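Structure first, commentary second.
Protein chains: 2
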Amino acid sequence: MSSTLVDRLRAGLPDGAVVTDPAITASYANDMASFCPAEPPAVVVLPRTAEEVQHVMRTATELRVPVVPQGARSGLSGAANTSADCIALSLVKMDRILEVNPVDRIAVVEPGVINADLSKAVLAEGLFYPPDPSSWEMCTIGGNIGTASGGLCCVKYGVTAEYVLGLEVVLADGRLMSTGRRTAKGVAGYDLTRLFVGSEGSLGIVVKAVLALRPAPPPQLVLAAEFDSVRAAGAAVCEIMSGGHVPSMLELMDRTTVRAVNSFAQMGLPESTEALLIAAFDTADPAADLAAVGALCEAGGASQVVPAEDQAESELLLQARRLSLTALEQVKGTTMIDDVCVPRSRLGDLMEGVEAIAGKHALTIGVVAHAGDGNTHPTVCFDAADPEESRRARESFDEIMALGLELGGTITGEHGVGVLKKEWLARELGPVGLEMQRAVKQAFDPLNLLNPGKLF
Amino acid sequence: MSSTLVDRLRAGLPDGAVVTDPAITASYANDMASFCPAEPPAVVVLPRTAEEVQHVMRTATELRVPVVPQGARSGLSGAANTSADCIALSLVKMDRILEVNPVDRIAVVEPGVINADLSKAVLAEGLFYPPDPSSWEMCTIGGNIGTASGGLCCVKYGVTAEYVLGLEVVLADGRLMSTGRRTAKGVAGYDLTRLFVGSEGSLGIVVKAVLALRPAPPPQLVLAAEFDSVRAAGAAVCEIMSGGHVPSMLELMDRTTVRAVNSFAQMGLPESTEALLIAAFDTADPAADLAAVGALCEAGGASQVVPAEDQAESELLLQARRLSLTALEQVKGTTMIDDVCVPRSRLGDLMEGVEAIAGKHALTIGVVAHAGDGNTHPTVCFDAADPEESRRARESFDEIMALGLELGGTITGEHGVGVLKKEWLARELGPVGLEMQRAVKQAFDPLNLLNPGKLF
Ligand SMILES: Cc1cc2nc3c(=O)[nH]c(=O)nc-3n(C[C@H](O)[C@H](O)[C@H](O)COP(=O)(O)OP(=O)(O)OC[C@H]3O[C@@H](n4cnc5c(N)ncnc54)[C@H](O)[C@@H]3O)c2cc1C
Ligand SMILES: Cc1cc2nc3c(=O)[nH]c(=O)nc-3n(C[C@H](O)[C@H](O)[C@H](O)COP(=O)(O)OP(=O)(O)OC[C@H]3O[C@@H](n4cnc5c(N)ncnc54)[C@H](O)[C@@H]3O)c2cc1C
Numbered sequence: 001m002s003s004t005l006v007d008r009l010r011a012g013l014p015d016g017a018v019v020t021d022p023a024i025t026a027s028y029a030n031d032m033a034s035f036c037p038a039e040p041p042a043v044v045v046l047p048r049t050a051e052e053v054q055h056v057m058r059t060a061t062e063l064r065v066p067v068v069p070q071g072a073r074s075g076l077s078g079a080a081n082t083s084a085d086c087i088a089l090s091l092v093k094m095d096r097i098l099e100v101n102p103v104d105r106i107a108v109v110e111p112g113v114i115n116a117d118l119s120k121a122v123l124a125e126g127l128f129y130p131p132d133p134s135s136w137e138m139c140t141i142g143g144n145i146g147t148a149s150g151g152l153c154c155v156k157y158g159v160t161a162e163y164v165l166g167l168e169v170v171l172a173d174g175r176l177m178s179t180g181r182r183t184a185k186g187v188a189g190y191d192l193t194r195l196f197v198g199s200e201g202s203l204g205i206v207v208k209a210v211l212a213l214r215p216a217p218p219p220q221l222v223l224a225a226e227f228d229s230v231r232a233a234g235a236a237v238c239e240i241m242s243g244g245h246v247p248s249m250l251e252l253m254d255r256t257t258v259r260a261v262n263s264f265a266q267m268g269l270p271e272s273t274e275a276l277l278i279a280a281f282d283t284a285d286p287a288a289d290l291a292a293v294g295a296l297c298e299a300g301g302a303s304q305v306v307p308a309e310d311q312a313e314s315e316l317l318l319q320a321r322r323l324s325l326t327a328l329e330q331v332k333g334t335t336m337i338d339d340v341c342v343p344r345s346r347l348g349d350l351m352e353g354v355e356a357i358a359g360k361h362a363l364t365i366g367v368v369a370h371a372g373d374g375n376t377h378p379t380v381c382f383d384a385a386d387p388e389e390s391r392r393a394r395e396s397f398d399e400i401m402a403l404g405l406e407l408g409g410t411i412t413g414e415h416g417v418g419v420l421k422k423e424w425l426a427r428e429l430g431p432v433g434l435e436m437q438r439a440v441k442q443a444f445d446p447l448n449l450l451n452p453g454k455l456f
Numbered sequence: 001m002s003s004t005l006v007d008r009l010r011a012g013l014p015d016g017a018v019v020t021d022p023a024i025t026a027s028y029a030n031d032m033a034s035f036c037p038a039e040p041p042a043v044v045v046l047p048r049t050a051e052e053v054q055h056v057m058r059t060a061t062e063l064r065v066p067v068v069p070q071g072a073r074s075g076l077s078g079a080a081n082t083s084a085d086c087i088a089l090s091l092v093k094m095d096r097i098l099e100v101n102p103v104d105r106i107a108v109v110e111p112g113v114i115n116a117d118l119s120k121a122v123l124a125e126g127l128f129y130p131p132d133p134s135s136w137e138m139c140t141i142g143g144n145i146g147t148a149s150g151g152l153c154c155v156k157y158g159v160t161a162e163y164v165l166g167l168e169v170v171l172a173d174g175r176l177m178s179t180g181r182r183t184a185k186g187v188a189g190y191d192l193t194r195l196f197v198g199s200e201g202s203l204g205i206v207v208k209a210v211l212a213l214r215p216a217p218p219p220q221l222v223l224a225a226e227f228d229s230v231r232a233a234g235a236a237v238c239e240i241m242s243g244g245h246v247p248s249m250l251e252l253m254d255r256t257t258v259r260a261v262n263s264f265a266q267m268g269l270p271e272s273t274e275a276l277l278i279a280a281f282d283t284a285d286p287a288a289d290l291a292a293v294g295a296l297c298e299a300g301g302a303s304q305v306v307p308a309e310d311q312a313e314s315e316l317l318l319q320a321r322r323l324s325l326t327a328l329e330q331v332k333g334t335t336m337i338d339d340v341c342v343p344r345s346r347l348g349d350l351m352e353g354v355e356a357i358a359g360k361h362a363l364t365i366g367v368v369a370h371a372g373d374g375n376t377h378p379t380v381c382f383d384a385a386d387p388e389e390s391r392r393a394r395e396s397f398d399e400i401m402a403l404g405l406e407l408g409g410t411i412t413g414e415h416g417v418g419v420l421k422k423e424w425l426a427r428e429l430g431p432v433g434l435e436m437q438r439a440v441k442q443a444f445d446p447l448n449l450l451n452p453g454k455l456f
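If you're matching them up, the sequences are chains L and S in order.
The first sequence: position 157 = 157 (the UniProt record's numbering), numbered continuously.
The second sequence: position 151 = 151 (the UniProt record's numbering), numbered continuously.
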């Protein structure tokens, strides 16, 4: 059957677009999540047009072969992992920016465009594509849509979902569907566009996207504030956000993270702090806004408040923040990165709870957080070669999600469910919610060929 | 059967919640759209709790009776119109604001809360619920969610969809489903919350909503600019929006609308202008922003640019804009209000096209537009007692939608499809899109009991 499959795929795809060399296919087996099962796919396809994607899906439907859509495989939940019987459908060659329109404030792109490439292209026109996952230099727009990615600027500008106006999607059976629009507003029928955002490749293959842009804001100015406890830092976040401020960034790094970044990249961050809060404004007068927020931090017990001197210092602090997850990986060789989001009023509770869980399991857990949104990434550091420690890592990971739900939060703020959090999704949604989610999946993919085994 | 129905409904609802008096039920037959079929419902129910709504839906499912959810019935597409065999399920008695939380920046409300009441309640806490349809003093949050309502401030703050974080929904069979979250971010499973926004009561009954709030912005300052042609005004809108400006409002009234408002409310607007552009900023320095925009208008040929002197004058201009649709209704007794949204670069084309359509059919069509978003309301004025004129009104209404689609737009920017635009929805979506929309409907409402005959 595999040779039938390959022959049939080749019949509608150009030379080189169908890869079966095991040395290459093996490298398409997984994204960046630990602990998620993955096998090399039967075949990798690298289409360059929507028609070629349609051919792949028609073939898959005829032969009943599962398909796993893939972008840059920078995901953190195993959502792009493959099984031995599947087609890995990589969209990275569909990487053209088709249009940037400053009057309509939209960009039209293929799914394989790298986030940073789009950001740069629109900036050249004085425009801004906000969603900025820390993986922005490698991840694709298709993957960002698949996972509804967030980033540092979400606290002011929202997540990917807010910027997807319209999509072209190849359905499981190979038909092409247009959803949404090129206009700023529109309510013609159900919002299937938003339904696709965050669907982790399980409803269809995105082959084109119309994205909303904003005017480029002034450059942001950054401030760092050191706190003696994570609770105090969490309380300061609440003061800032309920005080009417609209920072363009409000991030938190705990001591473990600060130290990891220092030893990974010699950043010279203050090692004695328990929690480093990083705030930024891109307003007309960012210095004034930072002064107000700095005063709130001092009133909230910050031991040090250091505004960046200039753009370069601001960029350095941002860079330190962006390196956090990678730096934490060096601590013990492997990490499990959690993604619990709580109402921001419960941020302190969550952070303290994670400390307690780390203590109980004798593990290092660094927490880096999009604090302004209550979205935390407790990152469990462990030695994957040590089965006992690995077990404790997984247990603590789960306990953190349980704590998040208890505090009125969600198991995933931006990284998605994938295979990593399937059981937890069911818990969060409850039986009725889960059943309706499955009904939607069934409506789009009755043969369960699109990324099976993910989400549910 | 009707007496069985009424008895069964009464068995689970308090006294007074089930209304069969024909004099009263007749008043629940329709919303504010012209030309849409409507019959008094078999019975009106006015539940006060989610449990009571569940009882209604369980009864409806058992007896296979259609249900039409209703808010204030201020809709403009017949989406809340009833048929003789149905239950009108009015949510207006579920009107409690359950929570306003300044730290988490959320409000939790029942569906019957009036938009203006919520706005005032959150403003008292220094917060802002942006979606502001011009009907805000009567329409309900449930209806706003049902239609994904927009308003004047969308150009800066987006539509209702952007502010709905979580929902509790009673499904067709009476089960209660929670979707979404209380947190700022979250990607756990498909975004069914957004799927419900704009679904016009056809997927379930919203009984509770978690809404996102923002800090209250500074008061806005308004400017009016007069243009000699709608094309010049449209071009100025493009200059403003591609010039990096972020107005809190950018509205356009054509001459017909200006005159209608003057004769309705003696507003003293400039009658000689072909197009009146109204821009507002709620920034830190609105006067500076208005000066920049005023200069762009002058460069674009504006004959007059008049910044409001103060808050009171600003409020007057806003009030004039908000009265537009009501004022146009006085011109000939009846209106059909269109809602075409085009890419803003095509605004001039749309406005000129509408003028041509009005000329061809010898009709008065006033255009008022959320110009910054390209969302226009060409409003056909006619005498409903004149069958010939009514026929021409309907024809021109349809030609306007055809023109909108031709210009790359959508048939509805914010008022929805209802019964008024069903055939047009099919045109806009195309066969594949329509089929998938129906599949989603089927997944949620297999017996087709929820607002049947709307949308499709
Ligand atoms: C160092 C690091 C930092 C990160 N920081 C962030 C962060 O700040 N915020 C954040 O949200 N995430 C972050 N991530 C996670 C990850 O980068 C994002 O989820 C990203 O959006 C994935 O994009 P990708 O192109 O790598 O997609 P992949 O990982 O390849 O795929 C992700 C999902 O999308 C689906 N998919 C991909 N392309 C398509 C398509 N065309 N059509 C349909 N489905 C498709 C896949 O099937 C899969 O389910 C980080 C990851 C790393 C490694
Ligand atoms: C003068 C005037 C000005 C207007 N200006 C604007 C404007 O600027 N922008 C704009 O977008 N609209 C505008 N509208 C249209 C209308 O006011 C809005 O669509 C409004 O959101 C409708 O709210 P409602 O409570 O009246 O809902 P209804 O008209 O009663 O219902 C609207 C839809 O929502 C459904 N629905 C209602 N409640 C629920 C519920 N709890 N659960 C599920 N479904 C439900 C109904 O079935 C129906 O499909 C205007 C109307 C008028 C008369």
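Virtual Cβ for every residue (Gly too), placed ideally from N, Cα, C.
These figures come from a predicted structure and were not determined experimentally.
Paired residues, beta bridge with residue i - DSSP
{"i": "asparagine 101/S", "result": "Ile106/S"}
{"i": "glutamine 266/L", "result": "BP columns for glutamine 266/L are empty, so no partner."}
{"i": "arginine 214/S", "result": "Phe128/S"}
{"i": "isoleucine 24/L", "result": "Note: isoleucine 24/L sits in no beta bridge, so no partner."}
Residue from the options whose Cα sits closest to the Cα of residue i
{"i": "arginine 255/S", "options": "Glu389/S, Val222/S, Pro446/S and Thr379/S", "result": "Thr379/S"}
{"i": "isoleucine 337/L", "options": "Ile240/L, Gln437/L, Asp373/L and Gly78/L", "result": "Gly78/L"}
{"i": "isoleucine 365/L", "options": "Glu329/L, Asp386/L, Arg344/L and Ala371/L", "result": "Glu329/L"}
{"i": "serine 199/S", "options": "Leu203/L, Leu192/L and Thr82/L", "result": "Leu192/L"}
{"i": "valine 197/L", "options": "Leu167/L, Leu221/L, Leu152/L and Ala327/L", "result": "Leu167/L"}
{"i": "leucine 425/S", "options": "Lys422/L, Thr140/L, Thr376/L and Ala188/L", "result": "Ala188/L"}
{"i": "glycine 412/L", "options": "Ser119/S, Val122/S, Asn101/S and Lys185/S", "result": "Checking the sequence shown, residue 412/L turns out to be threonine, not glycine. Selected option, being the one with the closest Cα: Lys185/S."}
{"i": "alanine 124/S", "options": "Gly174/S, Gly16/S, Pro215/S and Ser34/S", "result": "Pro215/S"}
{"i": "glutamate 399/L", "options": "Lys360/L, Ala42/L, His370/L and Val222/L", "result": "Lys360/L"}
{"i": "alanine 225/L", "options": "Ala308/L, Ser178/L, Asn30/L and Val103/L", "result": "Ala308/L"}
{"i": "glycine 180/L", "options": "Gly243/L, Leu211/L and Tyr28/L", "result": "Leu211/L"}
{"i": "arginine 64/L", "options": "Asp445/L, Val159/L and Arg259/L", "result": "Asp445/L"}
Extent of the continuous alpha helix (DSSP H) run through residue i
{"i": "valine 432/S", "result": "422–444"}
{"i": "cysteine 154/S", "result": "154–157"}
Span of the beta strand (DSSP E) around residue i
{"i": "glycine 166/S", "result": "164–170"}
{"i": "aspartate 254/L", "result": "249–254"}
{"i": "glutamine 70/S", "result": "67–70"}
{"i": "cysteine 381/L", "result": "375–382"}
Short CB-CB distance (under 8 Å) between residue i and chain L
{"i": "glutamate 168/S", "result": "no"}
{"i": "proline 270/S", "result": "no"}
{"i": "arginine 231/S", "result": "no"}
{"i": "threonine 25/S", "result": "no"}
{"i": "asparagine 81/S", "result": "no"}
{"i": "leucine 425/S", "result": "yes"}
{"i": "residue 476/S", "result": "Nothing in the structure corresponds to residue 476/S, since chain S is present only between 1 and 456."}
Chain S contact for residue i (CB, 8 Å cutoff)
{"i": "methionine 1/L", "result": "Confidence at methionine 1/L is low in this model, with a pLDDT of 49, below 50, so its placement is unreliable and the value that follows should be read with caution. No, methionine 1/L does not count as interfacial toward chain S."}
Residues within the stretch 396–416 of chain L neighbouring chain S, beta-carbon criterion of under 8 Å | Gly408, Gly409, Thr410, Ile411, Thr412, Gly413, Glu414, His415 and Gly416
Residues from the stretch 98–119 of chain S in contact with chain L, defined by Cβ distance under 8 Å | Asn101, Pro102, Val103, Asp104, Arg105 and Ile106
Which residues, in order along the stretch 140–164 of chain L, keep a beta-carbon less than 8 Å from a beta-carbon of chain S?
-> Thr147, Ala148, Gly150, Cys154, Val155, Gly158, Val159, Ala161 and Glu162
Cβ-based contacts, 7 Å cut-off: residues of the stretch 178–208 of chain L near chain S | Ser178, Thr179, Arg181, Arg182, Thr183, Ala184, Lys185, Gly186, Val187, Ala188, Gly189, Tyr190, Asp191, Leu192, Arg194, Leu195, Val197, Gly198 and Ser199
Check distances from the C-beta atoms of the stretch 318–351 of chain L to those of chain S and list, in chain order, the residues that come in under 7 Å.
-> Cys341, Val342, Pro343, Arg344 and Ser345
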